[in-house]
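One structure is given below, encoded as structure tokens.
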Amino acid sequence: MTAMATPRHRVSVAVAHAHAEIDAVADASVWSMDAAETTATLIQLTRLKARVVELEARVAEHADDETVDAWAHRTRQTRPAVLGQVRLGQALVTRGHVRDALAAGDLVLEQAKVIVTALDQLPGDLDTTLVEKAERHLVAAGREHTAPTLRVLGKRLMDVVAPDLADEYEAKQLAREEADALLATRLEMWDDGHGKCHGRFTVPSFHGAALKKMLLAIAAPKHRTATDGPAAGVVPRPGRERLGRAFCELIERYPAHRLPQTGGVSATIVVTMTLEALEGRLEQAALLDTGEKITASQARRLACEAGLIPAVLGGNSEVLDLGRTRRFHTKAQRTAIAIRDKGCTEPGCDWPPAMCHVHHDIPWSCGGPTDVQHGRLLCPKHHTRFHRRT
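See below:
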């Protein structure tokens, strides 16, 4: 460790003594600890760490800019990291109950930060006695609850300290959060050039909840034995893979006529492919108008159900067909087929009608009619398998 110049302040002396005590057990083996002593020691170490965090924040509050720079440099921390400790020390100056609980090891750092944030979000004109009541309430709750639970309790502080103002405060808080969420809303997407598209997004909580509900409606509950084969077993909840597939299906099934028009046409993907590929006589990649490529079997599957138009080219690359106007089954036709088929028509599959595609028995790409007689229900998986076989 880095030796401290001869300490004079009692805090500096205590830190030096603490280093000496830790040095004394630096090479001590812990194999002889039984489970009970190990648990008790870990609990005490957690409490000790919280007390050290409070002491560090208290000293950090005293630091000036030059001290902050030297602290960050000598300990190889980033300046934002050490400034976070300075801000915590500044906050604890006015949050005495939080500081005392942290100093006693009754709270951990994560809990303390949540409580401070919750108190900072209270109305600025709230009576100081009510603020203190709220602080005592959360500190007491911190002895029983984890930080995530404290975060929830912090949103309902007004119910505890000022019930008559709680509804008005909650409305203002929600309005502020919604406005902040709209400002933070963004979506990023990038293609890796190897057949996969990646992305991340930030949306308001309402839209996130709506998206989750839509995906769960598509992904669950479905028996894996019917969708993935008998060897897969039964999964009680959709995992990441199934939710990802549900997201793909949501994109495929979104009605193109509901999208805004760009340049006079709806946002429908156009697939350029040869007539031989569309009819299944040649397995040749199809080109999307966005620049990506898909397999011919994928294009044939999507031609049955999704919002795309195949631009079929002849031998000299002349456009032979831009799709027939009646490619999709109407709502009435889908209803009739659903009543007749009662679900996916593949043996052993139990997907309900609402989650199935209407498949053309005679492929639409080969001139098949869009009617009830020649249409049948297939779940997305069996629909994909059918087009891979053709």
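Residue numbers (our numbering): 879 to 1268. C-beta: ideal position from N, C-alpha, C; glycine also.
Strictly by DSSP, which residues pair up with residue i?
| i | result |
| --- | --- |
| E1066 | R1078 |
| L1255 | V1236 |
For residue i, which option in the options has the closest C-alpha, if you only look at C-alpha atoms?
| i | options | result |
| --- | --- | --- |
| L926 | A979, D1005 and F1084 | A979 |
| L1016 | D1042, A948, R977 and L1060 | R977 |
| A1270 | K1050, V1081, H1076 and R1131 | Beyond the ends of the chain as shown, which are 879 and 1268, falls residue 1270; an answer cannot be given. |
| V889 | E932, T917, A948 and D1058 | E932 |
| A1049 | E1066, L1000, K1091 and T1006 | L1000 |
| I1129 | L1093, E1119 and R1118 | L1093 |
| D1239 | P1231, E1224, G1117 and M1233 | E1224 |
| D1005 | M1036, A982, D1249 and E1022 | M1036 |
| D947 | E939, H1237 and R957 | R957 |
| R965 | D942, T953, A982 and G1086 | D942 |
| Q922 | G1122, A982, A904 and E939 | A982 |
For residue i, does the count of other Cβ atoms within 10 angstroms reach 16, so buried, or fall short, so exposed?
| i | result |
| --- | --- |
| L1052 | exposed |
| A935 | buried |
| W1229 | buried |
| W1068 | exposed |
| H895 | exposed |
| C1222 | buried |
| C1227 | buried |
| Q963 | buried |
| G1253 | buried |
| M911 | exposed |
| G967 | buried |
| L1256 | buried |
| I832 | As displayed, the chain neither begins before 879 nor continues past 1268, which places residue 832 out of reach and without an answer. |
| C1244 | exposed |
| R973 | buried |
| P1241 | buried |
Flag this pair as yes or no: are the beta carbons of residue i and residue j separated by less than 8 Å?
| i | j | result |
| --- | --- | --- |
| A1040 | L1008 | yes |
| L970 | G1020 | no |
| V1038 | A1012 | yes |
| D1219 | P1231 | yes |
| A858 | A1097 | The structure shown does not extend to residue 858, since the chain spans only 879 to 1268, so no value can be given for it. |
| A950 | V937 | no |
| V1236 | R1266 | no |
| F1079 | L1065 | yes |
| P1258 | E1119 | no |
| H1269 | R1014 | In this structure the chain extends from 879 to 1268, so residue 1269 is not present and cannot be described. |
Answer yes or no: the CB of residue i versus the heavy atoms of the ligand HEM, is any distance below 7 Å?
| i | result |
| --- | --- |
| D1042 | The model depicted lacks the ligand HEM and carries no ligand whatsoever. |
Pairs of beta-carbons, one from the region 996-1012 and one from the region 1025-1040, closer than 8 Å: are there three or more?
yes
Item to complete: Kindly confirm or deny that the region 980-991 and the region 911-929 touch, where touching means at least three C-beta pairs closer than 8 Å.
Response: yes
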